[in-house]
Structure formats: C-alpha cells, structure tokens
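Everything on this sheet refers to the single structure shown next.
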Amino acid sequence: MANPLTPDVLVDPVELTRALVDVESVSLNEKALADHVEEVLRQTSHLSVERLGNTVMARTDLGRDQRVILAGHLDTVPLNNNFPSTVVDDLIYGCGTSDMKSGVALALHLAATLPDPRYDLTYLFYEAEEIDSRFNGLRLAAESRPEWLMADFAVLLEPTYGVVEAGCQGTLRAIVRTTGRRAHTARAWRGVNAIHAAGEVLRRLSDYRPRTVTIDGCTYREGLNAVRIQGGVAGNVVPDEAVVEVNMRFAPDRTEKQALEHVLEVFDGFEVELTDSAPGALPGLSAAPAREFLTAVGAEPAAKLGWTDVARFAALGIPALNYGPGDPLLAHAPDEHVEIGKIRDGAATLHRWLAD
Ligand SMILES: [Zn+2]
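For the sequence shown, counting from 1, position 205 maps to 204 in numbering that gives the first Met the number 0; every step adds exactly one.
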C-alpha cells in the first residue's frame, strides 16, 4: 500500500491525524503503520532512525544542552464500528482519534517539519500500549535500547484535552482472605463462616478515608476499593473461605513498598496477598524544559489520576508528563473523537516551545 503520510499530509497535523487513524493499528497489528512512520522519518535528513519490533525511534543530534522525548503509542483498542475516520463539523470521529493518534500526529508533524529544535529531540512511536505490559514497546525499548530513553524530560502525548497532566498515581492490587470451617448449614454452629468474617474487611473499606496529596501544585486523590468478592461453597454449606480483592491507587509520594505496608496496616489481622503493583510518578515539574513547557502551554498543570507510561520514564529518573489534544473521557469509547481546534492548539503550543 502506498504511504498515505505524504509531505502534504505531514505539514498539516489535522490531515495527519486522519491519515494515521485510517491505517488500522489495533494492538499487535501495528506493522503497517510503523512501516509508514519509519519510511517518512527516514526521508528526513535531520533525524537518525532505528526500529525495534514495531517501535520506531528517531532523534536529532544537534549537540544541544538538553534532550526532550516526545512519545506516543501507535496502537489502538479494537475497532467498534468507528473505522475509518469521519469528520462532522469540528470533530474527527474514529478509533484512536483521541487515544492517541492526534497526539502521535503532533509528534510526527514536528519530526517532519522542525529540523532545528531548541532541544535535541527523541521521538518514540511505540507499539502495544493498550494490552498486557509484556508487549509494551516502551517497556521493551527501555530494556533493550536504554539509550533511546536517555533525556532530561519527556512528554507523552496521551489524551489530556490540552491540559498538562503531571506525574501519575501508582496502583496496587491485593487479595484479602478470610478463612473459617465448613459445616452443614443445618448444624451451622459446628462451622465458622468465612463470608461473615469478610464483613469486617468491608467495614474497614467503607470507613477508609483516602488521602489527598498536593505535590508541585498537582493534587492526587488516593483510593482504596474492593473490586471483586468471592466466597461460598454450596447453598447448604457454611463457607470456609472468602476473598476480597482490593485495588489501591496511591499518590506518587509513596513507593510501591510503602503502599503495600499501608494496605497491610489497614487489613491488620487478615491474610493479605499482593497480586500486582506499579509505581506512581512524581510530577517532576522543576526541570528547566518542563518549566518552559508549562510557560508555552500557559495553564496550570493537573494531577494524572490513572497510571500511564510516564511512570516508565520516572522509573528511569526522567521527569515526564502527559499532554495531548485528545479527550481522555472519550478514549476507548465507540463515539471516540477529537476536536480539530485542540489539534491545532497543541501543534501551536509545541511549536512555541520547541522552535528556536
Ligand atoms: Zn493511550
């Protein structure tokens, strides 16, 4: 297939958004899109380009004092009768318009049109963000091409509706188990009911008062919630086990270990088993390129409440934030769309920040 990312398209981030959306790239099917992106990047003379799987890296080497990463994932969630794109008034509809091909379009537009940015730039267009993290192109690059991720600051162009969302909360999942002794319900006094014992677990959850923490002007709201509950053997048996799965979202001033200690404290006296956790990321807004970026945007940053790949940069000691034209509330929705005005604003902001 001929490359739809023609020079005419690359100069216009709105047209470029549509062209990117119209190359289907559901997770694990990013090859065609990655091929097109790689090809246009290789046609520029100011970028050196490398590829790992369906992740494409392009960078300037201008000898600037500082290096900034612009990163975006190429994949989308599965199509939902929303392919290819359509335009209605000021809106582009289609799978990936918000999350996050409009953001990818901003980075690719800059890569193609800005030969001498004021920082050295590394562009990362990566695969498989929307699925299990073992496929995540940014994670794979961090492991086998760590030099790709060396920078002073990173912007992830995930949907934020044009707002700067800094840092992100960590997440932890654990199982709280209560045990008892089975008995026939006709002789219930011979048993110990594990589901009744889980009542105390639920009481502690409903009494729980989560913290609100402000860091660098960003306010993070923690949460501790039961997300699943299981127990019971049969309609006439006193159950001997009940399991409450809990999910804690924690502010980035706690480490994963501290978050786990906190959960163990909340459920003191119960058996708690950690099943999954991922660290948060501090907002890191004091780095010089970050401050200049905030000036270019001209608005106060907000806290990112979900977990995003900014945490992967933070784990490497690179301050990172989310900023993109898409609307996070529309991500993964069948009526996903992006406002054309937000794409234009985003392109102008990045240009103000990065053009010399
Ligand atoms: Zn995304």
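The beta carbon of each residue, even a glycine, is placed where N, CA and C say it ideally should be.
Using DSSP's beta-bridge definition, name the partner residues of residue i.
i, result
"W26", "Here residue 26 turns out to be Ser, not Trp, going by the sequence shown. DSSP, once it has assigned bridges, lists no residue as partnering S26."
"G222", "R248"
"T85", "Y92"
"N235", "In the DSSP output, where bridge partners are listed per residue, N235 has none listed."
"R360", "As displayed, the chain neither begins before 0 nor continues past 355, which places residue 360 out of reach and without an answer."
"G230", "A241"
"H357", "A query on residue 357 cannot be resolved here, the shown segment of the chain reaching from 0 to 355 and no further."
"A165", "A302 and L320"
Quick one: Cα of residue i to Cα of residue j, how far?
i, j, result
"E260", "E142", "28 Å"
"A289", "F152", "7 Å"
"L61", "G222", "45 Å"
"H331", "D11", "25 Å"
"P278", "V191", "38 Å"
"A314", "A295", "26 Å"
"E37", "V175", "48 Å"
"R117", "R63", "7 Å"
"R248", "T307", "13 Å"
"R208", "N28", "43 Å"
"D334", "N80", "9 Å"
"L120", "W147", "11 Å"
Please list the terminal residues of the continuous beta strand (DSSP E) segment that includes residue i.
i, result
"I342", "Here I342 belongs to no beta strand (DSSP E); instead the alpha helix (DSSP H) covers I339 to L353."
"S276", "E270 to A277"
"V309", "Premise fails: V309 lies in the alpha helix (DSSP H), V309 to A314, not in any beta strand (DSSP E)."
"V154", "F152 to L155"
"L171", "G169 to T178"
"L320", "A319 to N321"
Pick helix, strand or coil for residue i, following the three-state DSSP scheme.
i, result
"R189", "helix"
"T294", "helix"
"Q42", "coil"
"M0", "coil"
"G357", "The question about residue 357 has no answer here: the residues shown for the chain are numbered 0 through 355."
"S47", "strand"
"H119", "Rather than His, the amino acid found at residue 119 in this sequence is Asp. Correct three-state label for D119: strand."
"T254", "coil"
"I214", "strand"
"V10", "coil"
"G136", "helix"
"V20", "helix"
"E129", "coil"
"R66", "strand"
"R202", "helix"
"T75", "strand"
"H331", "coil"
Counting Cβ pairs, one atom from each stretch, are 3 or more of them under 8 Å apart for the segment 161-169 and the segment 296-307? yes
Is it a yes or a no for the segment 129-139 touching the segment 106-116, going by three-plus beta-carbon pairs under 8 Å?
no
Contact between the segment 25-35 and the segment 48-65: three or more CB pairs below 8 Å?
yes
Answer yes if the segment 209-221 comes into contact with the segment 269-276, meaning at least three C-beta pairs across the two stretches below 8 Å, and no otherwise. no
task: Please determine if the segment 275-295 and the segment 191-200 are in contact, where contact requires at least 3 C-beta pairs separated by less than 8 Å.
output: no
field: Touch test, the segment 145-159 against the segment 235-245, Cβ-Cβ under 8 Å, three pairs minimum
entry: no
Stretch pair the segment 89-97 + the segment 5-23: three plus CB contacts closer than 8 Å
yes
- Taking one C-beta from the segment 82-91 and one from the segment 313-327 each time, how about it: are there three or more such pairs within less than 8 Å? no
TODO: Evaluate the contact criterion for the segment 115-133 versus the segment 68-76: three or more CB pairs, one atom per stretch, below 8 Å.
DONE: yes
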